[in-house]
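K.L.:
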Amino acid sequence: MKPAPFAYHDPRTLDELIGLLSRHDNLKLLAGGQSLVPMLNMRFVIVDHIVDLNRVDGLAAIGDRNAAIEIGAMTRQRTLERDPVIARKAPIMQEALRHVGHLQTRSRGTIGGSLCHLDPAAELAGVARLYDAVLHVAGPRGMRDVKMADWSLGYMAPAVGPDEVLTGLTLPVWSEPHGHAFVEFARRHGDFAIVGVGCLLALDGKGMINRAAVALVGVATAPVRLTAAEVALTGQAPSVATFKAAAEHAEKLDCLADAHVSASYRQRLAGVLTERALARAATRAGGADVHR
Amino acid sequence: MSTARRITLRVNGRPAQGEVEPRRHLGDFLREDLGLTGTHLGCEHGVCGACTVIVDGVPARACLMLAVQADGAEVITVEGLAQADGTLHPIQQAFHAHHGLQCGFCTPGMLTTLAAFLAERPDADEAAIREAISGNICRCTGYESIVEAALAAGKILQSGG
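Listed in order, the protein sequences are those of chains Z and V.
Numbering-wise (our numbering), the first sequence opens with residue 31 and increments by one.
Numbering-wise (our numbering), the second sequence opens with residue 3 and increments by one.
Now the structure itself:
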C-alpha cells in the first residue's frame with residue numbers, strides 16, 4: 031500500500047505548471063488527492079511524475095459575478111460548503127456536497143479534482159451539468175472554454191489534454207427566485223451514489239413552473255440532463271401527477287449496470303429520486319407541498 | 003528518479019523536520035520518521051479514517067496526503083490533543099467516561115475528527131455527529147458509546163471546558 035516512486039514537482043505559477051506539462055510524460059496532476067492518492071497507494075496508477083497543484087497561485091478562489099459564480103479549480107469542497115456566495119446563489123451545491131465523501135476528504139478534495147477525475151457518480155459534476163457550467167482549461171496554446179455538456183469524452187475521461195489543466199469554472203446562476211433539491215441514494219453515507227438527482231425549479235406569479243432543470247449522476251458515464259422532462263414540466267402546475275410524468279423520463283434513461291445493481295434498478299431509482307427532488311424543489315420554490 | 007526532500011513543519015506545537023521521499027505519505031512520516039505511532043494506519047486508501055490528523059485546523063486523512071505536501075503545515079495528531087500538563091481534551095475525557103472505545107484501533111481518528119468537528123460545532127446533535135464520523139469505521143462499538151461521548155464532549159466544550 032505504498033505508491034511506486036515518482037518525481038515530485040510543486041510549481042508556484044500557472045506558467046511554470048504548463049511548462050512542466052509540456053516537458054514531461056506519464057504524469058498526473060495532484061489536486062486534493064482524495065481519489066488519486068488511493069490509486070497511487072494501491073498502485074492502480076503508476077506514474078513517473080506527480081505535479082502538485084496545491085501551491086500554484088490563483089487557482090483557489092470564489093468570485094461573485096452577479097449572474098455567475100467563478101470558482102477556481104483548487105477550491106476545496108470544504109470551502110464551497112461554507113461559502114456565503116454559494117449559499118446565497120447556488121445552495122444546491124452545498125446540499126450536494128453533504129454527500130461528497132466525508133468531512134475529512136472534503137477538507138482536501140477540490141471541485142477541479144472532482145471534475146477531472148469525473149467519476150460517473152460525482153455530485154459536483156452533476157451540479158456543473160445542472161447549471162450548464164463553462165470550464166476553463168489552460169495549456170501551451172493559451173486558454174479555452176469547454177461546456178460541461180461536452181466535458182466527458184467517455185468513462186472517467188474529461189476533455190482536457192495531457193499538456194492542459196483545468197483552472198476553474200463559471201457557474202451561470204439563476205436570477206429568478208427558484209427552489210432546489212439534491213437527493214441521492216447510496217449504500218452508506220459518503221459512498222458513491224447509485225443514483226443522484228439535482229433539480230432547480232422556478233415558478234411564475236401564478237404558481238406555474240416557468241423554468242426547470244434536472245440532472246442525474248450515477249446513471250451513465252457522465253451526468254445526464256433530463257431535457258425532455260424539463261420541457262414537459264415548463265408551463266405545468268407543480269403536482270404529484272406532473273412530477274410523476276417527469277420522472278417517467280428518468281426511468282427511460284439508458285442506465286449503467288455494475289457489480290452493485292442492475293440497469294433496471296438504476297432506472298427505477300432514477301424515477302423515484304427525480305420525483306422526490308422535484309417535489310422538494312417545488313416546495314422550496316414556494317409552491318404547495320406536493321409530497322405524497 | 004525520486005529524490006528526497008527536506009520538509010519543515012510543526013507537529014503538536016513543536017517544530018519537526020525530515021528528509022522524505024515524495025511518495026511517503028504523511029501517516030508514514032508521522033509514525034516512522036517522527037515516532038508518533040498514535041496515528042493508526044488501517045486501509046491506506048482513505049476509507050477507514052483511523053489515520054485522521056488535523057492539518058492547519060481541519061481534519062484530513064494522513065494516508066491521502068504526501069508528507070512533502072505538509073511542508074510548512076501545522077499538524078495535530080492524537081498525541082497533541084491533551085494539554086502539556088497531561089489534562090485530557092474534553093473528547094478524550096468523554097471517551098473515557100462513556101466507554102467510547104473497545105480495541106482502540108479507530109480511536110485516534112475518531113478523536114481527531116471529533117475534536118476538529120466539535121471545535122466548530124460544539125452544539126451538534128446526534129444526527130450531525132453520526133454524519134461527521136461517517137468516514138471513521140469502528141468494528142467494535144456499534145458507535146453508540148462513541149456518539150454518547152461526542153455529545154457529552156460537546157456539552158463540556160459549550161460550557162467553556
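Think of the CB as a built atom: it goes at the ideal place given N, C-alpha and C, for glycine as much as any other residue.
For a test of the three-state rule: what should DSSP assign to residue 291(Z), helix, strand or coil?
P.N.:
Looking at residue 291(Z) - three-state DSSP - the assignment turns out to be coil, as it is neither helix nor strand.
K.L.:
Is residue 245(Z) helix, strand or coil when you go by DSSP?
P.N.:
Note: residue 245(Z) maps to strand in three-state DSSP.
K.L.:
Does residue 172(Z) pass the burial test, meaning 16 or more other C-beta atoms within 10 Å, or should it be called exposed?
P.N.:
So residue 172(Z) counts as exposed.
K.L.:
Examine chain Z for any beta-carbon lying closer than 8 Å to the beta-carbon of residue 100(V), and answer yes or no.
P.N.:
Not one chain Z Cβ lies under 8 Å of residue 100(V).
K.L.:
I'd like the span of the alpha helix (DSSP H) that includes residue 111(Z), first residue to last.
P.N.:
107–112 is the extent of the alpha helix (DSSP H) around residue 111(Z).
K.L.:
Got a sec: which bits of the stretch 100–131 of chain V sit with their beta carbon under 7 Å from any beta carbon on chain Z, in order along the chain?
P.N.:
For the stretch 100–131 of chain V, which is checked against every Cβ of chain Z, the residues closer than 7 Å are 115, 119.
K.L.:
Out of 42(V), 97(V), 112(V), which has the shortest C-alpha to C-alpha gap to residue 27(V)?
P.N.:
Minimum Cα distance to residue 27(V) is reached at 42(V).
K.L.:
Would you check if the distance between the CB atom of residue 316(Z) and the CB atom of residue 66(V) is smaller than 8 Å?
P.N.:
No, they are not a contact pair.
K.L.:
Alpha carbon to alpha carbon, how far is residue 58(Z) from residue 80(Z)?
P.N.:
Distance between the alpha carbons of residue 58(Z) and residue 80(Z) is about 5 Å.
K.L.:
Which bits of chain V does residue 137(Z) rub up against, with CB to CB less than 7 Å?
P.N.:
Result: 60, 61, 62.
K.L.:
One question on the structure: do residue 159(Z) and residue 245(Z) come within less than 8 Å of each other, judged by their Cβ atoms?
P.N.:
Contact: yes.
K.L.:
Which residues in chain Z have a C-beta closer than 9 Å to the C-beta of residue 70(V)? List them in chain order.
P.N.:
Result: 38, 40, 82.
K.L.:
Going along the chain, which residues of its own chain have a beta-carbon closer than 8 Å to the beta-carbon of residue 131(Z), five neighbours each way excluded?
P.N.:
So the qualifying residues of the chain are 64, 107, 139, 220.
K.L.:
To the nearest angstrom, report how far apart residue 61(V) and residue 109(Z) are at their CA atoms.
P.N.:
Residue 61(V) and residue 109(Z): Cα-Cα distance of roughly 13 Å.
K.L.:
For a cutoff of 8 Å on Cβ pairs, would you count residue 68(Z) as touching chain V?
P.N.:
Chain V contact via Cβ: present.
K.L.:
Write down every uninterrupted run of the alpha helix (DSSP H) in the stretch 256–288 of chain Z whose length is 4 residues or greater and which is fully enclosed by it, in chain order.
P.N.:
Segments of the alpha helix (DSSP H) lying fully in the stretch 256–288 of chain Z: 257–263, 270–281.
K.L.:
Among residues of its own chain, excluding the 5 on either side of residue 241(Z), which ones have a beta-carbon nearer than 8 Å to its beta-carbon?
P.N.:
Excluding residues within five positions, the ones whose Cβ falls inside 8 Å are 204, 206, 208, 230, 231, 232, 264.
K.L.:
Could you tell me whether any Cβ in chain V is nearer than 8 Å to the Cβ of residue 124(Z)?
P.N.:
No, because no Cβ of chain V sits closer than 8 Å to the Cβ of residue 124(Z).
K.L.:
Kindly list, in the order they appear in chain V, the residues whose Cβ is closer than 7 Å to that of residue 108(Z).
P.N.:
In chain order: 60.
K.L.:
Can you give me the start and stop residues for the beta strand (DSSP E) that residue 200(Z) sits inside?
P.N.:
Residues 195–202.
K.L.:
Buried or exposed, going by whether 16 or more other CB atoms sit within 10 Å of the CB of residue 98(V)?
P.N.:
Answer is exposed; the Cβ neighbour count stays below 16.
K.L.:
How would you call residue 108(V), buried or exposed, if buried means at least 16 neighbouring beta carbons within 10 angstroms?
P.N.:
Buried.
K.L.:
Sort out for me which residues DSSP pairs residue 175(Z) with in a bridge.
P.N.:
According to DSSP, which records beta bridges pairwise, residue 175(Z) is partnered with 166(Z).
K.L.:
Is DSSP giving residue 137(Z) helix, strand or coil here?
P.N.:
Correct three-state label for residue 137(Z): helix.
K.L.:
From the DSSP output, which residues share a beta bridge with residue 57(V)?
P.N.:
Partner(s): 60(V), 77(V).
K.L.:
Going by Cα to Cα distance, which pick from 154(V), 30(V), 16(V), 25(V) is closest to residue 100(V)?
P.N.:
Of the listed residues, the one whose Cα sits closest to residue 100(V) is 154(V).
K.L.:
Starting from residue 34(V), find everything on chain Z with Cβ-Cβ shorter than 9 Å and list it in chain order.
P.N.:
Within 9 Å Cβ-Cβ: nothing; residue 34(V) doesn't reach chain Z, min ~11 Å.
K.L.:
Would you decide whether residue 153(Z) is buried or exposed? Buried here means 16 or more other CB atoms lie within 10 Å of its CB.
P.N.:
The residue is buried, with at least 16 neighbouring Cβ atoms inside 10 Å.
K.L.:
How is residue 190(Z) classed by DSSP in three states: helix, strand or coil?
P.N.:
Coil.
K.L.:
Compute the distance between the beta-carbons of residue 193(Z) and residue 178(Z), then report whether it is under 8 Å.
P.N.:
It is not a contact, given that the beta carbons lie outside the stated cut-off.
K.L.:
Assuming residue 148(Z) and residue 202(Z) are in contact, meaning their beta carbons sit under 8 Å apart, how far apart are those beta carbons, in whole angstroms?
P.N.:
Incorrect: roughly 21 Å between the Cβ atoms, too far for contact.
K.L.:
How should residue 76(Z) be labelled, buried or exposed, when 16 other C-beta atoms within 10 angstroms of its C-beta is the threshold for buried?
P.N.:
Exposed, by the Cβ-count rule.
K.L.:
Taking only beta-carbon atoms, is residue 129(Z) less than 8 Å away from chain V?
P.N.:
Residue 129(Z) does not count as touching chain V.
K.L.:
Can you tell me whether DSSP reads residue 17(V) as helix, strand or coil?
P.N.:
DSSP places residue 17(V) in strand when its eight states are reduced to three.
K.L.:
Which residue or residues does DSSP assign as beta-bridge partners of residue 79(Z)?
P.N.:
37(Z), 57(Z).
K.L.:
How would you list, in chain order, the residues of chain V whose beta-carbon sits under 7 Å from the beta-carbon of residue 32(Z)?
P.N.:
Going along chain V in sequence order, the residues near residue 32(Z) (Cβ under 7 Å) are 25.
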